[in-house]
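Visitor:
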Ligand SMILES: Cc1cc2nc3c(=O)[nH]c(=O)nc-3n(C[C@H](O)[C@H](O)[C@H](O)COP(=O)(O)OP(=O)(O)OC[C@H]3O[C@@H](n4cnc5c(N)ncnc54)[C@H](O)[C@@H]3O)c2cc1C
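Numbering (the working numbering), first residue to last: 473 to 941.
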């Protein structure tokens, strides 16, 4: 046991500690302690593999609950993601893990409707036929738009696109009009002033992924998890604990204990938690702060090179539906949100005591006005915009609402992003990075968080020398 906070499997330090009372410590493979900072999907995936390999694993999470960005809150007695979440049918890393846990019966696969709001009109964009009916473009451009997914699939390797911006590449493969009407508003809506710098690789992945999650008729199928993403995160916690690991919530890590260039633990408000290795899953600037006094200045600065956008999500609980679309892209620069996601057109309203759940999502720099508003201000600010988009909408339909914010919600993936990503191994011996911003060439997502966490567990298992038995 390597924490000086905890000498027994169960020790209440005012935080929540998940341990298995049944686990026999005498059976524990005598091994090294790995501390994992963050109980998002990457941290939990790494912990799951390392604990099963006999490592002494301790996950420390600052939040009151596990799940990270895929964490949840209560709606009508059911857990719901703070930020809308689904999986694509080709998200194989998460599906593999679910199979390993024997939980495949909990995966819910459903067709979904995608649409676009443009020039005060709604357009369905779920299938190739919908694309051919998309009147804002002339017929030739509709065909071009339809062929873009096929052209994206022809790209053999992401490196072909690394030196191009998304706008350059999208113009090349779809033409000027398709770019102006379809893609530019989305890029600007999501990335704001960064829009022109976004890498073609980022966009290519979006086209490829969404194209790959289609059924035979061309319609999109998406996956969800019975009980929400939190139910999977909690099943992972259970498996970690069953393998002898520990997961503690409400434990904010404040820094690293480093001695002679080697990490020896992490600092928490209750003292040092000792460990032989540390995996850091928070955003890179957080790790840069921890390393400022310990590592070479150039290295610390290199961890600050990737910019992040924050996200604000207004989650409405309505007594009726807004539309029959699950995912509505907003191509109207006057509308302050980039997407309107009616979750209950995916997971039925009876899951949430009959409430209809609508997310309004906005990515923005952390100092943007919307990010700084109070919850009530966000709600009041949004109402007239929702009314404009859905003229039948009335404030009285809203039975409750929540506003969630994440400071580090989306890394800004620019050209040559591969050169900005730090290695998982840091100059500090025993300290590893497993952060959302290192997911590449794909964009962040729980599927890739699981992949990265498991890959790192493999690397550590191969590297961290075990004491002789
Ligand atoms: C608006 C939005 C929509 C999304 N939609 C989807 C989707 O549909 N499908 C999908 O798969 N993915 C989606 N994602 C992305 C997905 O949520 C993330 O990619 C994934 O959850 C990242 O997991 P992670 O473990 O790498 O990071 P995180 O989830 O960020 O986990 C890091 C953890 O570290 C903890 N932490 C931070 N600092 C400290 C500290 N000092 N001490 C202790 N703990 C700390 C945090 O609280 C957090 O729990 C979405 C994200 C957003 C923002």
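A virtual CB, placed ideally from N, CA and C, is assigned to each residue, including glycine.
1) Report whether the distance from the Cβ of residue 717 to the nearest heavy atom of ligand 1 is below 7 Å.
2) Please return the same chain residues whose Cβ sits closer than 7 Å to the Cβ of residue 869, not counting the five positions on each side in sequence.
3) Within the region 825-856, note down every full beta strand (DSSP E) run reaching 3 residues or more, in order along the chain.
4) Around the Cβ of residue 839, are there at least 16 other Cβ atoms within 10 angstroms (buried) or fewer (exposed)?
5) Can you tell me the Cα-Cα spacing of residue 766 and residue 755, whole angstroms?
6) Could you check the C-alpha separation between residue 693 and residue 739 for me, to the nearest Å?
7) Evaluate the contact criterion for the region 706-721 versus the region 508-522: three or more CB pairs, one atom per stretch, below 8 Å.
8) Do you know whose CA, among 859, 804, 772 and 809, lies nearest residue 905's CA?
9) Using only the heavy atoms of ligand 1, determine whether one of them is closer than 7 Å to the beta carbon of residue 514.
10) Considering only their Cβ atoms, is the gap separating residue 748 from residue 525 smaller than 8 Å?
11) Just the Cα atoms here: how many angstroms apart are residue 719 and residue 521?
12) Residue 736 to residue 593, Cα distance in whole Å?
13) Kindly indicate which three-state DSSP category residue 481 falls into: helix, strand or coil?
14) Please specify which runs of the alpha helix (DSSP H), each continuous and at least 4 residues long, are wholly inside the region 511-569, giving them in chain order.
15) Run the CB neighbour count on residue 698, radius 10 Å, all protein chains shown included, and call it buried at 16 or more, exposed below.
16) Going by beta-carbon coordinates alone, are residue 703 and residue 579 separated by less than 8 Å?
17) Once DSSP output is grouped into helix, strand and coil, what is the label at residue 495?
18) Among 573, 681 and 558, which one has its Cα closest to the Cα of residue 914?
19) Which same chain residues end up closer than 6 Å to residue 715 when comparing Cβ atoms and leaving out the 5 residues on each side of it in sequence?
20) In this structure, what does DSSP give as the bridge partners for residue 506?
21) Following a CB-centred definition, is residue 754 positioned closer than 7 Å to any heavy atom of ligand 1?
22) Using the beta-carbon count (16 or more within 10 Å), is residue 549 buried or exposed?
23) Can you say whether residue 932 is buried or exposed, counting buried as having 16 or more other CB atoms within 10 angstroms of its CB?
24) Hey, is residue 862's beta-carbon within less than 8 Å of any beta-carbon in chain B?
25) Is it true that the CB of residue 555 sits closer than 8 Å to the CB of residue 874?
26) Could you tell me which uninterrupted alpha helix (DSSP H) segments, each at least 4 residues in length, are contained entirely in the region 638-701, listed from first to last along the chain?
27) Residue 796 and residue 817: beta carbons closer than 8 Å?
28) DSSP three-state label for residue 800, please.
29) For residue 820, verify whether its CB is less than 7 Å away from any heavy atom of ligand 1.
30) So, is residue 610 buried or exposed, given that buried needs 16 or more other C-beta atoms within 10 angstroms?
31) Use the C-beta contact count for residue 924: other C-beta atoms within 10 angstroms, 16 or more gives buried, fewer gives exposed.
32) Is residue 540 near ligand 1, in the sense that its beta carbon is under 7 Å from a heavy atom of that ligand?
33) Between the Cα of residue 622 and those of 650, 679, 595 and 571, spot the shortest distance and give me the residue it belongs to.
Guide: Inspection of the coordinates gives the following:
1) no
2) 790, 791 and 792
3) 828-836
4) exposed
5) 18 Å
6) 44 Å
7) yes
8) 772
9) yes
10) no
11) 14 Å
12) 59 Å
13) Since pLDDT at residue 481 reaches only 29, below the 50 mark, its modelled position is unreliable, and no value is offered.
14) 513-524
15) exposed
16) no
17) Per-residue confidence for residue 495 stands at a pLDDT of 46, beneath the threshold of 50, marking its modelled position as unreliable; the derived number appears in the next sentence. Note: residue 495 maps to coil in three-state DSSP.
18) 681
19) 523 and 524
20) 529 and 749
21) yes
22) exposed
23) buried
24) Any reference to chain B falls outside this structure, which holds one protein chain only.
25) no
26) 638-646, 656-663 and 672-684
27) yes
28) strand
29) no
30) exposed
31) buried
32) yes
33) 679
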